[in-house]
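Below is one structure; the comments refer to it alone.
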Amino acid sequence: MLHFALRRSQNIHYQHVDVNKDARAQAKGQQPSVLWFTGLSGAGKSTIANLVEKKLHAQGRHTYLLDGDNVRHGLNKDLGFTDADRVENIRRVAEVSKLMVDAGLIVLTAFISPFRAERRMARESLAEGEFIEVFVDTPLNVAEERDVKGLYKKARRGELKNFTGIDSAYEQPESPEIRLDTTQLSAEQAADAVIDALKLQGIIG
Ligand SMILES: Nc1ncnc2c1ncn2[C@@H]1O[C@H](COP(=O)(O)OP(=O)(O)O)[C@@H](O)[C@H]1O
Ligand SMILES: [Mg+2]
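Residue numbering for the sequence shown is 1029 to 1233, as defined by my numbering.
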């Protein structure tokens, strides 16, 4: 017996609101955007994003940092690390980022986000110029050498399946807005490079 049809969003319309993105951005005196950090586990995404957020915060910017591990403890705790779950993980993060941009924030996301298609989806869900891809470029051997969380060792022992760089793919960005070579830059220098790039792109004054 059919109790209800699976029409889902077919009957849902967009509700107009008067206090919109422009109004909120203006109130905050900034250009809302997403700094999308991508790179291998241990590349330095969380470390550098945290430093960038501190610098922005010190300048009085309104920011929010969405970090992979934290989001996986809450919103995405029902998801694992299969390809399908990684896609859904990033889809939700992209949606949350978009809401936060709508709220007028400068959003920083620190997720491996290994697949080009999902990063493109995140980019395309935002307006032109709002998505800034930050490739934290750390070769596998360097990230594995750091092995801050001991995860590479576990993965090499076969105790951790679907680990990016070992038995799950990482698709490098082809034309990121910002590329940080962490074999050449310290975390502090990398964060300064991001701030400089944001000034150049007119995101911050
Ligand atoms: N140049 C660098 N840039 C960023 N992190 C670095 C750098 N050199 C060493 N590290 C260290 O590498 C580790 C990166 O870990 P983390 O930021 O958690 O990576 P991710 O979030 O990408 O998994 C940290 O312990 C950091 O101190
Ligand atoms: Mg991290």
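Even for Gly, the Cβ is constructed at its ideal location relative to N, Cα and C.
Express the C-alpha separation of R1185 and L1136 in angstroms, rounding to a whole number.
The alpha-carbon atoms of L1136 and R1185 are separated by roughly 33 Å.
Evaluate E1156 with the Cβ neighbour count: other Cβ atoms within 10 Å of its Cβ, from every protein chain shown; 16 or more gives buried, anything less gives exposed.
The residue is exposed, with fewer than 16 neighbouring Cβ atoms inside 10 Å.
DSSP on T1066, reduced to helix/strand/coil?
Reduced to three states, the DSSP call for T1066 is strand.
Would you call the stretch 1068-1080 and the stretch 1162-1176 in contact, with 3 or more CB pairs under 8 Å?
When Cβ pairs closer than 8 Å are counted between the two stretches, the stretch 1068-1080 is seen to touch the stretch 1162-1176, the count reaching three or more.
Any chance the CB of S1141 is under 6 Å from a heavy atom of ligand 2?
No.
Looking only at C-alpha atoms, which of R1147, Q1087 and R1089 sits nearest to E1116?
Comparing Cα positions, the closest option is R1147.
Do you know whose CA, among I1140, D1095 and G1132, lies nearest D1111's CA?
It is I1140.
First and last residue of the uninterrupted alpha helix (DSSP H) at T1075
Judged by DSSP secondary structure, T1075 falls within the alpha helix (DSSP H) whose first and last residues are K1073 to A1086.
Return the first residue and the last residue of the beta strand (DSSP E) that L1094 is part of.
From DSSP, the beta strand (DSSP E) with L1094 extends over T1091 to D1095.
Counting only C-beta atoms, is L1208 closer than 7 Å to chain D at any point?
In the displayed structure, chain D is absent; only one protein chain is listed.
So I1134 and E1205 are supposed to be a Cβ contact under 8 Å. How far apart are they, rounded?
No, I1134 and E1205 are not in contact; Cβ-Cβ is about 14 Å, not under 8 Å.
Residues of its chain near D1113, where Cβ-Cβ distance is below 8 Å and the 5 sequence neighbours each way are ignored
Within the same chain, L1107 come within 8 Å of D1113 by CB-CB distance, once the 5 residues on both sides are set aside.
With DSSP run on the structure shown, which of helix, strand or coil describes I1231?
Coil, per DSSP.
Is L1127 helix, strand or coil by DSSP?
The answer is helix: DSSP assigns L1127 an H, G or I state.
For F1163: DSSP bridge partner residues
Its beta-bridge partners are T1066 and R1207.
Cβ distance (whole Å) where Q1043 is taken to contact R1089 below 8 Å:
About 29 Å separates the beta carbon of Q1043 from that of R1089, a gap too long to meet the 8 Å contact definition.
Looking at the structure shown, is A1033 part of a helix, part of a strand, or coil, going by DSSP?
Three-state result, A1033: coil.
Going by alpha carbons, who is nearest to V1062 out of Q1229, V1129 and P1201?
Nearest to V1062 by C-alpha distance, out of Q1229, V1129 and P1201, is V1129.
Beta carbon nearer than 7 Å to a non-hydrogen atom of ligand 2
That query returns the following residues: K1073, S1074, D1095, G1096, D1097 and A1138.
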